[in-house]
Structure formats: C-alpha cells, structure tokens
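Inspection log for the structure reproduced underneath, given as structure tokens.
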Amino acid sequence: QGALIALNKKDGSIAWEYESGETEARSRQFFSSVWEGKDRLYLGTASSQVICLGAENGELRWNFRVSDWVRSRPIEVDGVVYAATLDSRLYALQDGPDGVTELWSNYLGQHGFTADLVAGESAILSADRKFMLYSVGYDEGTTRWRHGILDGAWVDGEFIKADYTAALPGSPTVVDGVVYIGGPDGFVNAVDVESGKELWKFEIDGVVSGAVSIVDGKAMFGEIGRPTGAFDGTV
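Counting in our numbering, the sequence shown runs from 2 upward without gaps.
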C-alpha cells in the first residue's frame, strides 16, 4: 500500500516506482486511478492528498493536502487540476512551474465522490454517492445544475430517491454536448450538458455501474447479469 509502479510495456520490467511515504490503514485502495497529462501524472490518495508525478521517471513534482480521501480520478484541463473528495469538496489547483496553487474549493453536498471526474466544454461533471450528477463551472466552481440519476422527486430543494441502493455510480461520459450515465435502478440516462435537462432514458433489467461508451452513434454499456447492450438513442 502506498506504492505506484510503472512497468515497461514490452517486457513487464519495472520502469520506476513511487512510494508515498504515507499509508491509510482503513483503506484497501490507497490511490485513485491516474490521469495522464503531457508529461505529468495526477492522482489522489487515501491520505487526503493530490499528487503530481513526472510521467517519465515517477519523480514527485508536488503534493497538495485536501480535506478528505480522494477516491475519484482527478483531471487536468489547461494546466488546472480538478479533484473531488469523499467529503464532497471539489478543488481547482493551478499546476505551475514553481509548484501548485489552490484557485478555489467548493463544498457540493453531503454524499462524497467516488466516480471519476469528466471534463465538459464549460464545466466539470461527476456523480456523487447519492447518484446526483453535478455540473460545476471551471472558473468560479459554482454548481450550474444538478440532475438525479435515479427515479425520484425534488422536495424543498432536496432530491428524494424512489428506491434505496447500496451500489455506487459509474463515471459520466460526455460526447457532442450530451452526458450519458447509467445507474443501479435499471436506466441509462442522457442529459443535456449545458442545461441538465433529461433528453431520454432507456430501461434495462439490471445495474449499469461502468461508464457508457459512444461508438458510431450508439450508446454501449455493460449490464450486470446480461451481455453488453447497445442503444441508438431512438425512443
């Protein structure tokens, strides 16, 4: 735990190894998955840090302490790294030649983030553990819209789910101005990326916990208990 290893793809030998120097005994997964920039790698840790490494040698460029574990994969857009925590805070960190600077951080809700962040044209997108899909502006970090992935209703500004589930949401997929995301309630959703308005939803028999892929105009997704499904967006 606490070590990241890079392997040479030709023979599987170790190219480099990074050891964080910190561990978290309560976590079986110490690192998030890795975002690869031009020459840098970005990842989060269960020791409440966002880390930047050199892609060629694994050398630590910087680390930044945040408010809680970072389980979802950070992303980098135009030199700014965005990372979400398990206590529902979203950070924007400027990756500069002299290190890292916090641009802003905002608290989004009560249920934390484990799904990977996705870059939209004008906003960051991610789903929290209550299956709420968020669109958050790049510059100011304010929530532009929220969309409930599961069936439910808005009551006094709070989204009440129709059914309880212990599953976790998959990461959203953004293609041509549309966000695609599945859930454990048996639906795949398509949402307008600018307005948060639901465009359509397609019902299946089981759970979609992975990201939806868009191939040749079709939404492709895996369903627990059944083979891969395909839907061309016609409802």
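Ideal placement from N, C-alpha and C gives every residue a C-beta, glycine not left out. Please read all numbers here as calculations on a predicted model, not as lab measurements.
Cβ neighbour criterion (16 or more within 10 Å) applied to residue i
i           : result
residue 44  : buried
residue 61  : exposed
residue 52  : buried
residue 217 : exposed
residue 77  : buried
residue 54  : buried
residue 127 : buried
residue 124 : buried
residue 16  : exposed
residue 225 : exposed
residue 27  : exposed
residue 143 : exposed
residue 13  : exposed
residue 42  : buried
residue 8   : exposed
residue 185 : buried
residue 96  : buried
residue 121 : buried
residue 34  : exposed
residue 211 : exposed
Distance CB(residue i)-CB(residue j) smaller than 9 Å
i           : j           : result
residue 191 : residue 180 : yes
residue 47  : residue 74  : no
residue 108 : residue 93  : no
residue 178 : residue 194 : yes
residue 146 : residue 113 : no
residue 49  : residue 29  : no
residue 134 : residue 59  : no
residue 129 : residue 172 : no
residue 176 : residue 215 : yes
Strand pairing of residue i, partner residues [DSSP]
i           : result
residue 66  : 50
residue 9   : Looking at the DSSP assignment, residue 9 forms no beta bridge with any residue, so it has no partner.
residue 176 : 179
residue 214 : 221
residue 45  : 51
residue 192 : 180, 199
residue 4   : 20
Nearest-angstrom Cβ-Cβ length linking residue i and residue j, presumed shorter than 8 Å
i           : j           : result
residue 37  : residue 56  : 6 Å
residue 101 : residue 174 : Rounded, the Cβ-Cβ distance is 28 Å, inconsistent with contact.
residue 87  : residue 137 : With a Cβ gap of about 17 Å, residue 87 and residue 137 do not count as contacting.
Any non-hydrogen atom of the ligand NAD within 8 Å of residue i CB
i          : result
residue 72 : Although the ligand NAD was asked about, the structure shown includes no ligands whatsoever.
Residue-chain proximity (residue i, chain D), Cβ-Cβ < 9 Å
i          : result
residue 88 : No chain D is present in this structure, which holds just one protein chain.
Note down, one range per segment and in chain order, each beta strand (DSSP E) of at least 3 residues found wholly within the region 75 to 147. 76 to 78, 81 to 85, 90 to 97, 100 to 108, 124 to 128, 133 to 138
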